[in-house]
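Below: the structure, in structure tokens.
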Amino acid sequence: MTTAQITAAPSTIVLSGKTYLLSPLTDEDWGLFENWMQWKVLSSVKGQVNGIDKLAGFTAEERKIILERATDKAMRITVTSPDALPFMMSPEGNAWLTWLGLKRKQPSITLEEVKALLSDPVTLSTAIAE
14 MTTAQITAAP STIVLSGKTY LLSPLTDEDW GLFENWMQWK VLSSVKGQVN GIDKLAGFTA
74 EERKIILERA TDKAMRITVT SPDALPFMMS PEGNAWLTWL GLKRKQPSIT LEEVKALLSD
134 PVTLSTAIAE
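So for the sequence shown, the numbering used here puts the first residue at 14; every next one is plus one.
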């Protein structure tokens, strides 16, 4: 193990031509990401789309079953479970993980800013070249 690994020293990352410090993720960061993944599963069945309840048209019993299954699926997702990989590999998940690593040394950076940086053509062309 290197001194940088032992001390959890940040590394550098270039996004949109600017250099940032990227810190290793903490247990708290992984917990936040896990909460986000679980929320994504639950929000896929709960809430509204264009003002219409996503579960409209289902009976009360069907709604209960759908919500129980979604809750069960969400609670099984952890950062170490196989179900986490698609979230981690998605553009939104990648932005979340990058943001969690950046916010320690750049506390004012927002998730929306990171999403924009990661979709910037300069950032994408640099990543492809490396």
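By construction, the Cβ of each residue, glycine as well, lies at the ideal position given by its N, Cα and C atoms. Predicted model, so just to flag it, every value in this text is computed and none were measured.
Exercise for the section: Look at the alpha carbon of Val27 and the alpha carbon of Leu130, and state the distance between them as a whole number of angstroms. Expected result: 10 Å
Practice task
Compute the beta-carbon to beta-carbon distance between Lys118 and Ser24, rounded to the nearest angstrom, for a pair I have assumed lies under 8 Å.
Solution key: About 10 Å separates the two Cβ atoms, so there is no contact after all.
Practice task
Look at the alpha carbon of Ile90 and the alpha carbon of Leu80, and state the distance between them as a whole number of angstroms.
Solution key: 16 Å
Practice task
To the nearest angstrom, report how far apart Val8 and Trp112 are at their CA atoms.
Solution key: Nothing in the structure corresponds to residue 8, since the chain is present only between 14 and 143.
Problem - Residue burial classification, Met50 (beta-carbon count within 10 angstroms, cutoff 16) - result: buried
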